[in-house]
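See below for the structure under consideration.
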């Protein structure tokens, strides 16, 4: 499917796509980022079917050829959408929110609407611009199926400061993850560079290639679970990011032979071993940093969502006990999230 960039986008309608309105169709199949954007171009006579311009109510038939001319001034336009945000902290400088699993952070191939960016545009008129037009306010990102806390900047100065703080490792970002197998040590450090996989472009991997970038993850073991009839046990860990590479925790845990439970890309892909999960067990559960403007300490925690709590419930009877760190965070993991600004 072609992306909504300057130029011509074409599509031949399949039989199973016929019957609905043209503006809905071209948004749903990803020809344009949103239905609103589709309607805008239709009104400007930039959309034709079989060589004839149409209205938004036109219903294509199987075999119809849709052609869209995207003017240069519209090629990168993002349209605000009314999508609810789960905000945990907000002031005039920044937002800390909890992203649900399944939400894409910014527009990408196949996800031209319904992203966190579209929601942010509908929520606030003030967002930083340093990350580019398609990533307003974005300081760091979470994978689509990773849930939890994220920071968003409301202006360029704050965005620049937060990006610098992350680079200097001054933002404490910790994730909860259930991984396969029994991790013996209570703490560990994974220092292994990550680069793009040479044969599978969607994947990252640990590599010593020149283009690979330094990646460091530390972890604390929270709870161990004994092996069962179809698995070799599990370990609940808290991972702390020292760097922020794509898929970093998922790649690093797979590298040490303890892949994240439910991970469709780096995991074992065995339904029984994944405890009924339809996504990876990875949750951004705590963020701590000194506010770049006021200097106050911001510390927020976000408990595990229901699907991840459910996975732990399946193996609760096989617990081999919590570590001291696990005991210390247990209440915050499963109870209502706490937040402080000191």
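Residue numbers (this note's numbering): 57 to 398.
We put the beta carbon where it would ideally sit given N, CA and C, even for glycine.
Counting C-beta atoms within 10 angstroms of its own C-beta, residue 119 has fewer than 16 neighbours from the protein chains shown and is therefore classed as exposed. For residue 280, the pairing in a beta bridge is given by DSSP as 291. In this structure, DSSP gives residue 217 a helical state, which the three-state scheme calls helix. If you check the CB distance, residue 359 and residue 389 come in under 8 Å. When secondary structure is reduced to three states using DSSP, residue 147 falls in the coil class, being assigned neither helix nor strand. Taking C-beta atoms as the reference points, residue 227 and residue 345 count as a pair closer than 8 Å. When DSSP states are grouped into helix, strand and coil, residue 260 belongs to the strand group. In the DSSP assignment, the residues bridged to residue 345 are 354. For residue 143, the CB contacts under 7 Å within the same chain, skipping 5 residues up- and downstream, are 151, 153 in chain order. Residue burial annotation: residue 333 is buried, with at least 16 other C-beta atoms found within 10 angstroms of its C-beta. Under a 10 Å Cβ-count criterion, residue 229 is classified as buried, with 16 or more other Cβ atoms of the shown protein chains found around its own Cβ.
Taking one beta carbon from each stretch, the segment 231-249 and the segment 166-175 have fewer than 3 pairs nearer than 8 Å; the two do not touch. Inter-residue distance for residue 264 and residue 357 is about 35 Å (C-alpha atoms, whole angstroms). The beta-bridge partner set that DSSP reports for residue 209 consists of 150. For residue 245, the number of other beta carbons within 10 angstroms of its own is below 16, and it is reported as exposed. DSSP, reduced to helix, strand and coil, places residue 378 within a strand of the structure shown.
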